[in-house]
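Working notes for the structure below.
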Amino acid sequence: MAAAHHIPDLLLQSAIYLGVAVMAVPISKRIGLGSVLGYLLAGILIGPWGLGLIDQSETVLHFAEFGVVMMLFLIGLELELEKLLELRIPVFGMGGLQVILTAVAVFALGLAFKLDWRLSLVVGMGVAMSSTAIAMQTLSEQGVLQHPAGRSAFSVLLFQDLAVIPIMVLLLILAPGTGTGEGLHIDILAIVKAVGLVVLLILGGNYLLRPVLRYIANTGLREIFIAFALFLIIGVSILMTLVGLSMALGAFIAGLLLADSEYRQELELDIEPFKGLLLGLFFIAVGMSVNLELILQKPLFVLGLGVGFVLLKTGLLFSLAKIFRQRTADALLFSLTLSQVGEFAFVIFNSAADNNIFTTETASLLNSVVAISMLTTPLLMLGYNAFNSRRMNRKDERHDEFEVQRPVIIAGFGRFGQVITRLLNGIGMPPTVIELDPNQIELVRNFGFKAYYGDITRPDVLQAAGIENARLFVLAIDNPEDALATARYVQKHYPHVKILARARNRTFAADYVGMDIECVRETFLSSLHLGEKILRELGYSAFQAYRTTWRFRQHDENMMRETHAMMGDMQQLVTHSHRSRETLANILAKELGTESQPGDLSTGWDKKFDQD
Numbered sequence: 183m184a185a186a187h188h189i190p191d192l193l194l195q196s197a198i199y200l201g202v203a204v205m206a207v208p209i210s211k212r213i214g215l216g217s218v219l220g221y222l223l224a225g226i227l228i229g230p231w232g233l234g235l236i237d238q239s240e241t242v243l244h245f246a247e248f249g250v251v252m253m254l255f256l257i258g259l260e261l262e263l264e265k266l267l268e269l270r271i272p273v274f275g276m277g278g279l280q281v282i283l284t285a286v287a288v289f290a291l292g293l294a295f296k297l298d299w300r301l302s303l304v305v306g307m308g309v310a311m312s313s314t315a316i317a318m319q320t321l322s323e324q325g326v327l328q329h330p331a332g333r334s335a336f337s338v339l340l341f342q343d344l345a346v347i348p349i350m351v352l353l354l355i356l357a358p359g360t361g362t363g364e365g366l367h368i369d370i371l372a373i374v375k376a377v378g379l380v381v382l383l384i385l386g387g388n389y390l391l392r393p394v395l396r397y398i399a400n401t402g403l404r405e406i407f408i409a410f411a412l413f414l415i416i417g418v419s420i421l422m423t424l425v426g427l428s429m430a431l432g433a434f435i436a437g438l439l440l441a442d443s444e445y446r447q448e449l450e451l452d453i454e455p456f457k458g459l460l461l462g463l464f465f466i467a468v469g470m471s472v473n474l475e476l477i478l479q480k481p482l483f484v485l486g487l488g489v490g491f492v493l494l495k496t497g498l499l500f501s502l503a504k505i506f507r508q509r510t511a512d513a514l515l516f517s518l519t520l521s522q523v524g525e526f527a528f529v530i531f532n533s534a535a536d537n538n539i540f541t542t543e544t545a546s547l548l549n550s551v552v553a554i555s556m557l558t559t560p561l562l563m564l565g566y567n568a569f570n571s572r573r574m575n576r577k578d579e580r581h582d583e584f585e586v587q588r589p590v591i592i593a594g595f596g597r598f599g600q601v602i603t604r605l606l607n608g609i610g611m612p613p614t615v616i617e618l619d620p621n622q623i624e625l626v627r628n629f630g631f632k633a634y635y636g637d638i639t640r641p642d643v644l645q646a647a648g649i650e651n652a653r654l655f656v657l658a659i660d661n662p663e664d665a666l667a668t669a670r671y672v673q674k675h676y677p678h679v680k681i682l683a684r685a686r687n688r689t690f691a692a693d694y695v696g697m698d699i700e701c702v703r704e705t706f707l708s709s710l711h712l713g714e715k716i717l718r719e720l721g722y723s724a725f726q727a728y729r730t731t732w733r734f735r736q737h738d739e740n741m742m743r744e745t746h747a748m749m750g751d752m753q754q755l756v757t758h759s760h761r762s763r764e765t766l767a768n769i770l771a772k773e774l775g776t777e778s779q780p781g782d783l784s785t786g787w788d789k790k791f792d793q794d
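This note's numbering applies: residue 183 is where the sequence shown begins, and numbers increase by one.
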């Protein structure tokens, strides 16, 4: 008889994790609870307080945090520096206010209930944190990562990551018996190390990452490319941990450094599967960490505290969003998404216990409250979706009932769309205008313009607007990602409709060129018009100024079409750019060197220009 074989613990645990995920998550999604709640319930089921199949929830939680790390790396990859600079006000304004106001509110409540001031302050800092994993996964499932609520939530989460090191330093200061002199010296040294590492990462990443990636890509071995990507993320995360910073912040910086590189797309494809698996494991580990025994001992206290923190954060976040002039629907989604207490609270509370600020029993109680708060987010999102569905149905009846289907549909009625609409109204061909901002709709109605409420990214809104019978579809919305996604949808499902688009910059214009869609860059023509005036002021004739700027525009548009085919080949792009500049200089020199002759077209043009 064959001897029984010992199954390694790691193999057995992996089978349990994968098996319970395969069973629980599809069921959870099918009944409308979402994948996050499915993972959390699966964790409770197999954890030490459920069936007891696995009892190492804390170890698993630390390992699974790499799912959050990889998610932040991918977010960094999708954010170019220009976009990040655009977020500086919400990051430091909205994010800073959220952390400070939440911490102060909880601290004040703690003092009101006669709690120790150190305990109140630590709990306030922990509750101020939100779960990056749950929030970003929720926003992704809602499809609103690039919408106002998604961008605001990301900004707040980014500030929370930046707040990690000051909080950890403060925990050292709060520890009983910490000397002010020596402790302060250690804290300043930690800050210097952290700042130095971030600067080193940015400088080193700019000069070293691309050559290394190019060298690895030239080997043609995809598995080595994947291995380096994982090594980069894990290595940066370890370095960040050594200086007391968030692993997620390090991964975000690494992704940001590669956001405009030619390897961005490949990195996204390679990391995505690992991110999904580890994020699922993270949620399972959070579910396993729920101490059911403690909750059953003090059910009203634990549940009440968890729900109370969620309600407090929701109210503060909603008020903050309204202060920053978000629409009510966006403010509600933003506040519910960030209402839970985040995974970093586990670190704060356990570290506080290690530093004798409060007992391990208190830390365990607070960790259970954190887990309970995390469980509320999927349930809150179910309520939000039900509420929003009814609200949108009511709004659809009121706003999206298009009276007449016209040959031209304009998406967006801001400063760009308004000019086009006025032009078409002036020639007696009013377009169908769709706008998502109800405040903007009310504003333009005061001036006699008609616009319909609707989200142009929704297929049903396009159909109601008459896209099937339209001749032209004009994309004039502010969000470039939504515009591109809508253009792809219309191009695929309504190929007979000609699309004309507004492009924020050259990068997005190149995307439209690749899709064979005509577009106009926001500032390109106005810059050319001003350039034409400058040439006139420099003494050139009206005809020369017009012809020169027209030649420049023609050359630039041709260059964009030519370089689009070279994307990914940096050497070819650089060579073509140098050659193109020489060609442009010759073209413009020839154009400006042409003198007007009596009786020719340019003389008449100049006279007409001077009369006008």
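Note that beta-carbon positions come from the ideal geometry of N, C-alpha and C, so glycine has one too.
Taking 8 Å as the cut-off, the Cβ atoms of Ala685 and Arg670 do not count as close.
DSSP places Lys480 outside any alpha helix (DSSP H), giving it a letter other than H or E. Annotation for Ile592: the continuous beta strand (DSSP E) segment containing it runs Val590 to Ala593. With 16 or more other Cβ atoms inside 10 Å of its own Cβ, Met252 counts as buried. Annotation for Leu682: Val656 and Glu700 place their beta carbon closer than 6 Å to its own, counting only its chain and skipping 5 residues before and after. Using a C-beta cut-off of 8 Å, the segment 512-525 makes contact with the segment 556-564, since at least three inter-stretch Cβ pairs fall below that distance. Take Glu764, set aside five residues on each side of it, and no residue of its chain has a beta-carbon closer than 6 Å to its own.
Assignment of Thr401 by DSSP, reduced to helix, strand and coil, places it in the coil class. CA-to-CA, the gap between Ala376 and Val756 works out to about 36 Å. Distance from the CA atom of Gly486 to the CA atom of Phe629, rounded to whole angstroms, is 51 Å.
Inclusion of Asn538 and Leu353 in the CB contact set at 8 Å is not warranted, their separation being larger than that value.
Scanning Gly432, Gly378 and Asn687 for the CA closest to the CA of Leu254 turns up Gly432. In the three-state reduction of the DSSP assignment, Arg703 falls in the strand class. Linking Phe690 to Val326 through their CA atoms gives a straight-line distance of about 20 Å. Taking each of Leu707, Leu766 and Ser759 in turn and checking the Cα distance to Arg733, the smallest one comes out for Leu766. Considering only Phe598, Leu654 and Thr541, the residue with the shortest C-alpha distance to Pro589 is Leu654. The three-state reading of DSSP puts Ala357 in coil, since its state is none of H, G, I, E or B. Cβ-Cβ distances below 7 Å link Ala317 to Ala335, Leu339, Thr519 and Leu520 in the same chain, with the five nearest sequence neighbours on each side left out; the list follows chain order. Glu525 is classed as buried because its beta carbon has at least 16 other beta carbons within 10 Å across all chains shown. Taking a contact to require three or more Cβ pairs closer than 8 Å, the segment 212-230 and the segment 549-559 qualify as touching. The C-alpha of Met311 lies about 31 Å from the C-alpha of Gly201.
Of the other Cβ atoms in all chains shown, 16 or more fall within 10 Å of the Cβ of Asn549; this residue is therefore buried. Here DSSP, grouped into helix, strand and coil, assigns Thr541 to coil. With contacts defined by Cβ atoms closer than 8 Å, Leu774 and Tyr722 form a contacting pair.
Contact between the segment 498-509 and the segment 268-279 is established, with three or more Cβ pairs separated by less than 8 Å.
The residue from Trp299, Phe295 and Ala467 with its alpha-carbon nearest to that of Ile198 is Ala467. The C-alpha of Glu475 is placed about 10 Å away from the C-alpha of Gly232.
In the DSSP assignment, the residues bridged to Leu682 are Val656 and Glu700.
Contact between Ala633 and Phe595 holds: CB atoms are separated by about 5 Å, below the 8 Å threshold. Taking 8 Å as the upper bound for CB-CB distance, Ala315 and Leu449 are not in contact here, some 20 Å apart.
A distance of 8 Å or more separates the beta carbons of Leu439 and Gly378. Contact between Ala430 and Asp343 is confirmed by a C-beta separation of about 6 Å, below the 8 Å threshold. Counted as a single uninterrupted DSSP element, the beta strand (DSSP E) harbouring Val615 occupies residues Thr614 to Glu617.
Comparing C-alpha distances from Val273 to each of Trp299, Leu235 and Arg333 shows the shortest one belongs to Arg333.
In the DSSP secondary-structure assignment, Tyr634 is bridged to Ile616.
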